[in-house]
Structure formats: structure tokens, C-alpha cells
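Chains as they are written, first to last, in the working numbering: chain A, 432 to 770; chain B, 432 to 770. Cβ atoms here follow ideal geometry from the backbone N, Cα and C, with glycine treated the same way. Beneath this line is the structure, given in C-alpha cells, with notes to follow.
2 protein chains.
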Amino acid sequence: MKKSLLLFVYGLLTLSFLLFLWQYGIRNSGEDGLGKPSDGLVGDVEEQYVMVTFQSNIDYWRPVMKGFEDAAAKLNVAVDFRGATQYDPIEQITVLEQVIARKPAGIAVTAIDPEKLNEAIGKAAKAGIPLVLFDSGAEGSGAQSFVGTDNYRAGAVAARELARRLSGRGTVAVITQPNQLNHRQRTEGFQDTIAKEFPGLSIVEVADGKGTIDASRQAAEDIVARHPELDGFFATQANGGVGIGQAMKKLKLPSRKIVIGFDTDKGTLDMVKDGTIDATLAQGTWNMGYWSLLGLFHLRHGIVQPSSEEKGGVHPLPPFIDTGITNVTQDNVELFYAR
Amino acid sequence: MKKSLLLFVYGLLTLSFLLFLWQYGIRNSGEDGLGKPSDGLVGDVEEQYVMVTFQSNIDYWRPVMKGFEDAAAKLNVAVDFRGATQYDPIEQITVLEQVIARKPAGIAVTAIDPEKLNEAIGKAAKAGIPLVLFDSGAEGSGAQSFVGTDNYRAGAVAARELARRLSGRGTVAVITQPNQLNHRQRTEGFQDTIAKEFPGLSIVEVADGKGTIDASRQAAEDIVARHPELDGFFATQANGGVGIGQAMKKLKLPSRKIVIGFDTDKGTLDMVKDGTIDATLAQGTWNMGYWSLLGLFHLRHGIVQPSSEEKGGVHPLPPFIDTGITNVTQDNVELFYAR
């Protein structure tokens, strides 16, 4: 009799404890007593989001990938990185189509070419896979958002920085990469701003630096040979700035020109530090990755503007998230090495 | 036999307790079995974010407030709404300063005036309170982001829609509200696009509709009296479009002009439906509220771009989240009544 009472008490204890465990689980599962959702924005580790780049090994993508990973860690989802190793649209289309075939939870793509990828991007939409573009967009592709620099505005900022350093007078040249949309927009913003705001400045040449240091150095040397009186350069791309910088190092002062570069790779930062490049524009690369994943997560989970599914309705996601630019000079260059 | 049962019960108790310890440890470490954080983006119900408007009773803010609330529900935080009841900068400054004194987790403000609020906005920064602007910005205010329409681009879209309907030829007028930054930008985008892309179109007047239907109707009637040959109007604001529409209703065809309105209040939608207004531009209002709160949450919780704390560093949040615009005509007007 006593033993069975003891057993009953033990049993009751165990039961109470199990009840407590169950309760504890409930309390932490994301519902409060009022039945309101309160578990936050959280996904499933089975949910995989893929980032697709080109020239996938360059350092430029590192902070972008870090932002994508950091967002995934916060949201408890998985990520994968794929990309064309070369600067080759055909290779990037192949990689993108392989990724679509795996039906991931969402895809973030940086477009090597503003038109050639549109068909492949359309396939993601048909397969119901959320897709956003980052860094370099593709107009009319049907992607649900573009997360990156306002490249037109970046060109305008470069024009104003160059004009300020030249007191609004002189001749300048641009070295760019004309087949990529972001570079076209930077050039256009630069040209329009010079034309509109600085009547004392004129652009004597816009050359193709082919995205490499060597071709850009050669282009810069050729331009200086044709226009020895030139006062400044704007490079819409990191290698362009370093190429111009190498050409400038050969010229002796006072022949040296003002150089505005782009991005914050080590080569560019070293030249900002030693004064070969006067200023460079840093992009919000970590934010490109972070906010791309956040956008894809919202599309995947349907946390979007009401009625967006319907034809003719509004944009489900903000169609453009401007990650900003920062002017980097000798004054703040040290801050950009660590990143 | 009974002793072994007792042993079994003891064993069960011990096991339960170990289970508890394991569970407790895991759940409170913010790590899942793989050592990754997995609790998602989630706040605390004690955390209160405040939205500050002006003309706080108008319907326009409803979807914006709904987006702010929906984001709060997802993130498990609280919201509050404050605002100047009138169209009065002094009243809005007073309200904003009262909100700052309460030290909320974050503040989203729509600026009635692009300069007058800057000092009060600066006080939030000094008090360490994250602040973003939405709908109508304030340049140079130091707010960490602007979430809203690219108003310059909206003006360009209106110009192209009007030009398309006039086959690129004729004279047009604008009715706007020149003291608010978003309206200035819409007017500028409209003017620049006409000047750049449509040499056959000219703008004969830009008038102040004072944000009311009555003043806008009067302005439209006066303009038509001075320019009876006028071909079209662009209103940068909802009441402006309705005012022009009322003036047009008095004119008999073929004297009626093409009218491009703004926003999707019931008055405007009814006039789009009956053909008095030819097209209106819908803004991503729900997204303004939703993404404002998401931005504030990221600032409050320090989930921002690395090194953003340091002077001269990059933008912690994307400095501009473009919530997009949609062209609303008779074809899709029904979709916008429900929202």
C-alpha cells in the first residue's frame, strides 16, 4: 500500500515534469497567450538560397557573399554560391539554368549582360522561383527587385568630385566597360552631370578598358598621347582605376592628372593611400548580399504587398534597394582596408 | 519486481531532467545542433517603434500604417502612431520632439517640409534613436534611410504617359504643392523629361494647388482661361488631380484635356473609372510602412554593415528603398479599390 502510494507520487512528479517540458516548448514555439504570431522572421534550414555571380573568384564578391551568409544565419536558412568563373555570358546562362533546375528557395543574380540573361531569368519566374538582381541589373528582365548602387547617381557623384578638384575647368576622359549596364549608367550619369552642371568641363574621350588593368593602362596612355593637356580621368571600374594609376606613375608631376576610381579592392586603396588615385567610390557590397537574401525570403514566404499576385497590381517587393556609395579619400582610406 | 519498477521511475525522472537541461541549454544559446544561430529576426514586445505623420487623419496613410503594423507583428515588436492633425510644420515638430522624449526603439517620419524638421530629426540621432524617413524625405537631415517613391522618376513616368497620349505634341500644365520635397521632385522629373525627350511638348504653367481640391480646381480653371488651347495636365498630388477633374467636368468635349493624376484615393479612382482622369500613379504605400519598420529594427539590433559606426564609413542601412510606382488606368483600376 505504501509502496504503491510512493509510486503514485513518483508518477505524478514525472507527469508534472513532462507537462512543464511540454509547456516550455509551447512558450518558445512562437505563440503567445493571445494567439498572435511572435516567432519573428525565421525560415527552415532545408530552405536554400543561391547566389549566382560571374568572374566568381574575384575579391569584389567577398563582402557581398558575407552579407548573403549573414542574412541566412539570422533567418535560419541555407545558402549556396555558384558562378561563371570567366567573364562569359554563355557560361553564366548555363550556370543559372543549372541552378533553376535544382528549384532552390530563391536566386540572387548579378547580370554580366543586361539583355542576354533575360530569357534564363524568365525561366525562374515560370518555375515559381523568386529572383532578385544585385550589383549589375538587367532592365526588363522581370526580376522582382534590384539591390545595388544607383549607378547613374554614382557617375554624378564622380563628376562632382572631379569638378571640385579641377575648380570646374578643364578636359577629362572616362575609361569604362560599355557592355555592362552598371558601367553604362555610371558613364551616363557622369556625362549628364558634366553637361548640366559644369559648362567649363568637357569630356574628350570615353574608352573601353575591357575590365582589365593592362587594357585600361594602355587606353589611358593612348588618351594622354592624344590629349597631353588632359586634366582628369574617371574610371567606372576598379581595374580601370588601377590601370590609369599605373599610367600616371610613369608621368612626372605636374603632368599627372586627377584620377577618380571605383570600388575598394587593395590595388585601388593602395593608390588612394599613396596619392596616385585622388578618390574612389565605395559601394555598399555587404548590404547588396544581406538585403538580396532578405528580399528573396519575403517573396518565398509571401510576406509581400497585398494583391501583388494579381495582374496589373503593385510591386510585391521594393523594386530598387539603393545600397549607397561613400567617397573614399586619403582621409578615410584606412577604414576600407579591414572590410 | 516492485523495486525494479521503482528503479525504472527513478531512471525516467533522471532522464527527463537531463532532457530538460539539454533542451534548456540549446534553446537559450541561440544555436541549433550545428552551432549556427537559428532564432530568426525577432524582437521584444517591450520594443516600441513610432510612426509620425502630418494630416494624420487622411486615408492615404492607412496602407502605410498597415505595412508598419504587419512588420511589427512579424518581428514581435510594438508600434504606435502619432502625427500632426493639420498641415502644419510647427505642429509636426512638436509631435516629433514629444516622441523623441519618450525614447522609443525607433522612429519613422514623413517630413512635411524638407528643411524645417532637420533640427528635430538631429535630436533623435543625438539621443541614439534610429530614425528613417518615408514618403516625403528631407535631404541632409541625417536620417539613416528614405523609404518611398523615387519621386523624380515618378514625374518622368507621368511625362511619358502624357506624351504618349498626346503623340508627343502640344502644351501642358502642372498643378503641384511646391513646399514639399516629394512634389518638387515630381515636378522636376516631369519638366526634365519633357525638355529632354519631347521637343514637341511645352509646359505653359506650373501652379500651386495648395494640396486641396478647391484650390486645385480654381488653379485649373484659371490656367484653361489663360490657355484655352491647352492639351493636358499633370497633378503631382491626389487632391490636385480631383480638382483638375472637377474643372474638366465643366468643359465639354472636345475641350477636355488629358489628365494624369497621382495616388489612388477613392476620389481619384472614381474619376479614372469614369474617364475624367486618364491615368494615375499608385505608390507602394504598404511597402513604405513595412520596410521602414524593417530598417529601424535592423538599426536598433545593430544588424548593419560592418564598420558603419566609424566615421567616414559606409551607410549602415541602404540609404534609399524605392517602393515603386504602378500606372493605373481604366484597365486595372478595379484592383486598386480593395486596397
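Per DSSP, the continuous alpha helix (DSSP H) segment holding Ala646(A) begins and ends at Ile644 to Arg657.
The C-beta of Leu472(B) comes closer than 8 Å to at least one C-beta of chain A. According to the DSSP secondary-structure assignment, Gly692(A) is paired through a beta bridge with Thr711(A).
Pairing Glu528(A) with Val495(A), the inter-Cα distance amounts to about 22 Å. Our two residues, Tyr721(A) and Leu472(A), have alpha carbons roughly 14 Å apart in a direct line. The beta carbon of Ala585(A) sits no closer than 8 Å to any beta carbon of chain B. Listed along chain B is no residue with a C-beta nearer than 9 Å to that of Pro609(A); the closest approach is about 21 Å. For the pair Arg615(B) and Glu478(A), the Cα-to-Cα distance works out to about 44 Å. Per DSSP, reduced to three states, the secondary structure at Arg600(A) is coil, with no helix or strand assignment. Put simply, the CB of Val745(A) is near chain B, with a gap under 8 Å to one of its CB atoms. Taking a cut-off of 8 Å for Cβ pairs, the segment 512 to 526 of chain A and the segment 474 to 493 of chain A touch, as three or more such pairs fall below it. Using a C-beta cut-off of 8 Å, the segment 704 to 713 of chain B makes no contact with the segment 539 to 552 of chain B, since fewer than three inter-stretch Cβ pairs fall below that distance.
Contacts with chain A at 8 Å (Cβ-Cβ) do not include Asn613(B).
With respect to chain B, the C-beta atom of Asn718(A) has a partner C-beta closer than 8 Å.
A residue is called buried once 16 or more other Cβ atoms fall within 10 Å of its Cβ, and Ile675(A) is buried on that count. Close to Leu506(B), with beta-carbon spacing below 7 Å, are these residues of chain A in chain order: Gly471 and Leu472. Using a CB distance cut-off of 8 Å, Gly514(A) does not count as an interface residue toward chain B. Put simply, of Asp581(A), Gln622(A), Gly692(A) and Gln677(A) the residue whose alpha carbon is nearest the alpha carbon of Val635(A) is Gln622(A). Asp566(A) counts as buried, since at least 16 other C-beta atoms from the protein chains shown sit within 10 angstroms of its C-beta. Neighbours of Pro630(A) in chain B, taken as residues at a C-beta separation under 8 Å, are lacking, since the least C-beta distance is about 17 Å. Taking C-beta separations shorter than 7 Å and ignoring five residues to either side along the sequence, the partners of Gly514(B) in its chain run Val483, Thr484, Phe485, Ser487 and Val526, following chain order. Leaving aside the five residues that flank Trp492(A) on each side, the residues in its chain whose CB is nearer than 6 Å to its CB run, in chain order, Thr484. Neighbours of Phe499(A) in chain B, taken as residues whose beta carbon is under 8 Å from its own, are absent, since the nearest beta carbon is some 13 Å off. At a cut-off of 8 Å between beta-carbon atoms, Ala713(B) makes contact with chain A. At a cut-off of 8 Å between beta-carbon atoms, Gly755(B) makes contact with chain A. When secondary structure is reduced to three states using DSSP, Gly568(B) falls in the coil class, being assigned neither helix nor strand. The Cβ of Pro520(B) sits no closer than 8 Å to any Cβ of chain A.
Note on the segment 497 to 574 of chain A: whole alpha helix (DSSP H) runs with a minimum of 4 residues are 520 to 532 and 549 to 557, in chain order.
In the displayed model, Gln486(B) falls within coil according to three-state DSSP, outside both helix and strand. Of Pro737(A), Val703(A) and Glu619(A), the smallest CA-CA separation from Phe767(A) is found for Val703(A). Ser576(A) is bridged by DSSP to nothing; it lacks a bridge partner.
Counting other Cβ atoms within 10 Å of its Cβ, Ile691(A) reaches 16 or more and is therefore classed as buried.
Between Ala574(B) and Leu593(B), the gap from beta carbon to beta carbon reaches 8 Å or more. Arg600(A) and Gly631(A) have their C-alpha atoms roughly 5 Å apart. The Cβ atoms of Ile560(B) and Gly537(B) lie closer than 8 Å to each other. For Leu766(B), no pairing in a beta bridge is given by DSSP.
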